[in-house]
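To keep things clear, I will list the structure first and then write my remarks on it.
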DNA sequence: CTGAAAGCGCTTACAG
DNA sequence: CTGAAAGCGCTTACAG
């Protein structure tokens with residue numbers, strides 16, 4: 001089982017009695033060949049089970065036909081679904097996928113973007129989930145060919161693709177207001193992040209448009225189960241200062257419900273809850289959770305299309321922001337405030 | 001913004017006044033250099049922001065320092081968690097990860113294994129979830145450097161790593177038997193697959209060891225939500241021929257519970273349910289689902305270690321099978337059979 | 001239409 | 001200790 005040399009273009013060329021140039025051209029489609037020759041070459045390829053060496057091809061062509069995808073955490077179902085959609089799209093287009101998980105460590109983000117700058121991948125789909133001090137943005141601006149997805153890197157001038165977070169917040173708020181809620185807690189991610197800002201803005205707007213007094217209390221932390229637990233504890237410690245909670249991710253909702261249930265707080269009798277993301281099996285929860293659904297797969301598909309469609313030579317075409325629509329999935333976790 | 005030529009080894013060498021050989025050796029650590037020279041080179045690298053071109057390096061070295069991971073479906077939380085664990089391990093070792101989703105299409109599996117044979121990746125972690133007609137096995141045997149994870153490819157002679165499925169089935173069966181169940185339905189994946197065979201065997205063994213009459217009814221299909229729904233419908237159509245159901249994956253459990261709930265069948269009052277996998281938020285389900293937990297991350301970590309540790313020259317060391325322990329997580333979906 | 005040859009950017013025997 | 005040179009396996013002007 002010695003690492004037998006793989007068959008190369010040259011082997012094929014010899015077997016077919018032509019030059020490597022010809023074989024290479026046939027493979028790359030830039031050629032009309034006499035069908036006799038063509039058949040001979042194709043036979044040689046089959047006989048030798050030839051497959052081009054991608055490393056050589058990449059070196060020679062100066063591009064890799066692979067795109068990089070950096071996400072905070074692959075195990076998170078939201079990102080997993082996104083990765084899955086990107087992979088499927090990439091595969092359709094003959095592109096390979098290089099996957100990087102940053103696990104929320106800024107250093108890793110930096111190094112991946114640097115890698116792109118060096119042509120290791122042909123483009124990058126970039127998803128962060130923590131604030132940037134400007135370093136990342138400037139790096140992105142000088143390397144180009146990255147599209148930012150899901151969460152913003154404010155000073156980066158590249159195409160951006162988000163869910164319609166503001167409208168998501170609005171839908172949640174309207175649903176809550178329809179049931180008579182006026183005091184609601186927004187349990188979200190880091191305050192600096194665009195998703196949190198926009199979702200809570202939308203929420204406020206929906207409550208405000210009723211023309212009656214209202215209050216939004218912000219619990220801002222991170223998009224994690226642990227923060228969801230914290231939010232629930234705080235809510236309890238503060239003696240339930242609201243009649244409803246808008247949990248801004250599946251993870252937050254999971255932690256929140258976990259603690260609320262453990263403490264015997266009934267949803268929606270004592271407090272109503274609306275979630276965000278809706279990628280987990282929320283319909284099986286007790287109670288089934290009403291939530292804003294993000295178009296996760298569409299986000300992944302569109303992100304790749306954007307990367308490929310963008311004319312990277314035209315600076316003015318770069319600074320775009322595209323929003324994908326969200327919807328509310330009504331289940332059973334919202335009821336009118338109890339009259340206690 | 002023309003694609004400015006990236007700085008190469010040669011640029012660094014010139015800037016430092018040495019040969020590319022010297023720089024290359026310094027980078028690859030096979031060299032003691034006078035510290036003055038060393039500093040000069042390092043300064044040049046820093047000044048020029050040099051980073052080696054991985055495509056050239058791969059071509060030259062004949063290896064890629066990347067490992068391939070093929071999974072049926074990335075969006076599935078079980079596989080997502082596995083991918084996440086592998087990615088983290090790979091990153092620790094300086095290995096890149098190439099990800100492929102087969103979406104259950106045999107043709108795609110074949111082509112990825114072929115790619116490995118051509119040295120595009122240094123090794124492959126392979127996860128299938130459908131029966132093989134022998135084609136895959138023979139391909140795997142002739143390319144080598146693949147470890148099979150989670151589900152078997154029977155005729156392949158390579159290291160294999162599974163969860164202890166038999167024991168998982170046994171734990172489920174024992175728990176059910178402890179509560180007095182004697183007639184249970186096994187709702188699992190394809191009958192040919194090792195996971196299904198072993199889990200149902202374990203289940204039977206646990207029931208049998210009580211020394212009383214028992215019956216296991218097998219519903220075999222696939223590890224999907226849709227099959228879970230089918231299983232529930234069949235269970236209902238057959239007028240509930242058992243007092244408990246062992247759902248052999250989170251997906252199956254989800255589909256099953258969905259339909260049972262919709263039909264007003266109470267768990268665990270009318271039928272007990274035990275799940276398998278336990279990667280989703282089963283503790284928030286109504287009722288919280290008792291399940292066998294798979295060591296998903298450990299599976300990923302160990303798989304990579306196996307790939308790296310195996311001595312691929314020694315045929316006798318290849319045919320190994322390693323089992324990772326599972327455990328039962330008791331929640332609230334099992335009760336004694338109703339006396340109706 | 002077809003091929004010889006240079007080049008992509010590294011690594012690594014082989015010499016000095 | 002250090003370097004010139006060949007080689008990895010492709011692609012692609014450039015000639016014929």
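Chains as they are written, first to last, in UniProt numbering: chain W, 1 to 340; chain H, 1 to 340.
Just so it is clear, CB atoms sit at the ideal spot from N, CA and C, and this is done for glycine as well.
Note that the coordinates shown come from a computational prediction; the quantities given were computed from them, not determined experimentally.
Report the option in the options whose CA atom is closest to the CA atom of residue i.
{"i": "residue 17 of chain H", "options": "H:42, H:220, H:271, H:32", "result": "H:42"}
{"i": "residue 254 of chain W", "options": "H:284, H:157, H:311", "result": "H:284"}
{"i": "residue 52 of chain H", "options": "H:224, H:23, H:77, H:78", "result": "H:23"}
{"i": "residue 98 of chain W", "options": "H:70, H:330, H:44, H:107", "result": "H:70"}
{"i": "residue 174 of chain H", "options": "H:32, H:107, H:202", "result": "H:202"}
{"i": "residue 246 of chain W", "options": "W:328, W:192, W:321, W:305", "result": "W:328"}
{"i": "residue 193 of chain W", "options": "W:225, W:149, W:211, W:230", "result": "W:149"}
{"i": "residue 204 of chain W", "options": "W:167, W:236, W:221", "result": "W:167"}
{"i": "residue 28 of chain H", "options": "H:36, H:14, H:15, H:9", "result": "H:9"}
{"i": "residue 183 of chain H", "options": "H:217, H:237, H:95, H:157", "result": "H:217"}
{"i": "residue 214 of chain H", "options": "H:232, H:189, H:180", "result": "H:180"}
{"i": "residue 54 of chain H", "options": "W:337, W:232, W:50, W:63", "result": "W:63"}
{"i": "residue 295 of chain W", "options": "W:163, W:154, W:84, W:125", "result": "W:163"}
{"i": "residue 277 of chain W", "options": "W:266, W:297, W:156", "result": "W:297"}
{"i": "residue 58 of chain H", "options": "H:120, H:7, H:337", "result": "H:120"}
{"i": "residue 313 of chain H", "options": "H:133, H:49, H:325, H:144", "result": "H:144"}
{"i": "residue 268 of chain H", "options": "H:170, H:45, H:337, H:85", "result": "H:337"}
{"i": "residue 123 of chain W", "options": "W:154, W:65, W:84", "result": "W:65"}
{"i": "residue 309 of chain H", "options": "H:7, H:78, H:160, H:14", "result": "H:160"}
{"i": "residue 197 of chain H", "options": "H:248, H:302, H:331", "result": "H:248"}
{"i": "residue 301 of chain W", "options": "W:44, W:84, W:334, W:108", "result": "W:84"}
{"i": "residue 195 of chain W", "options": "W:207, W:316, W:222", "result": "W:222"}
{"i": "residue 208 of chain W", "options": "W:178, W:13, W:154", "result": "W:178"}
Determine the extent of the beta strand (DSSP E) in which residue i is found, giving its start and end residues.
{"i": "residue 160 of chain H", "result": "160-163"}
{"i": "residue 244 of chain H", "result": "244-247"}
{"i": "residue 276 of chain W", "result": "272-277"}
{"i": "residue 317 of chain W", "result": "Note, residue 317 of chain W: premise wrong, no beta strand (DSSP E); alpha helix (DSSP H) at 315-318."}
{"i": "residue 341 of chain W", "result": "For residue 341 of chain W there is no data in the structure shown, the boundaries of chain W being 1 and 340."}
What does residue i reach in chain W if we use C-beta pairs closer than 9 Å?
{"i": "residue 73 of chain H", "result": "84"}
{"i": "residue 51 of chain H", "result": "114, 115, 117, 118, 120"}
Which bits of chain W does residue i rub up against, with CB to CB less than 7 Å?
{"i": "residue 58 of chain H", "result": "55"}
{"i": "residue 257 of chain H", "result": "284"}
{"i": "residue 281 of chain H", "result": "254, 280"}
{"i": "residue 99 of chain H", "result": "87, 97, 99"}
In the structure shown, what three-state DSSP assignment does residue i receive?
{"i": "residue 1 of chain H", "result": "In this prediction, residue 1 of chain H scores a pLDDT of 33, lower than 50, which makes its location untrustworthy; the coordinate-derived value is nonetheless stated afterwards. Correct three-state label for residue 1 of chain H: coil."}
{"i": "residue 323 of chain H", "result": "strand"}
{"i": "residue 214 of chain H", "result": "coil"}
{"i": "residue 35 of chain H", "result": "helix"}
{"i": "residue 266 of chain W", "result": "coil"}
{"i": "residue 291 of chain H", "result": "strand"}
{"i": "residue 50 of chain W", "result": "coil"}
{"i": "residue 333 of chain W", "result": "coil"}
{"i": "residue 255 of chain W", "result": "helix"}
{"i": "residue 68 of chain H", "result": "strand"}
{"i": "residue 97 of chain H", "result": "strand"}
{"i": "residue 74 of chain H", "result": "coil"}
{"i": "residue 343 of chain H", "result": "This structure cannot settle anything about residue 343 of chain H, because the visible part of chain H is limited to 1 through 340."}
{"i": "residue 220 of chain H", "result": "strand"}
{"i": "residue 114 of chain H", "result": "helix"}
In the DSSP assignment, the alpha helix (DSSP H) including residue i goes from what residue to what residue?
{"i": "residue 138 of chain H", "result": "135-143"}
{"i": "residue 224 of chain H", "result": "Note, residue 224 of chain H: premise wrong, no alpha helix (DSSP H); not H, not E."}
{"i": "residue 81 of chain W", "result": "77-92"}
{"i": "residue 125 of chain H", "result": "Here residue 125 of chain H belongs to no alpha helix (DSSP H); instead the beta strand (DSSP E) covers 123-126."}
{"i": "residue 149 of chain W", "result": "No alpha helix (DSSP H) contains residue 149 of chain W, which is instead part of the beta strand (DSSP E) from 146-149."}
{"i": "residue 12 of chain H", "result": "9-16"}
{"i": "residue 310 of chain W", "result": "Run containing residue 310 of chain W: none; DSSP gives neither H nor E here."}
{"i": "residue 21 of chain W", "result": "20-28"}
Can you pull the chain H neighbours of residue i, defined as C-beta to C-beta under 7 Å?
{"i": "residue 64 of chain W", "result": "55"}
{"i": "residue 179 of chain W", "result": "Ordered by position in chain H, no residue passes the 7 Å Cβ test against residue 179 of chain W, which lies about 21 Å from the chain."}
Are there any heavy atoms of the ligand FMN lying less than 7 Å away from the beta-carbon of residue i, as far as the coordinates show?
{"i": "residue 308 of chain H", "result": "Questions concerning the ligand FMN fall outside what the structure shown contains, since it holds no ligand whatsoever."}
Could you tell me which chain H residues have their CB closer than 9 Å to the CB of residue i, listed as they occur along the chain?
{"i": "residue 77 of chain W", "result": "75, 77, 80, 280"}
At 8 Å on the CB atoms, spell out the chain W contacts of residue i, in chain order.
{"i": "residue 13 of chain H", "result": "Simply none; closest approach about 18 Å."}
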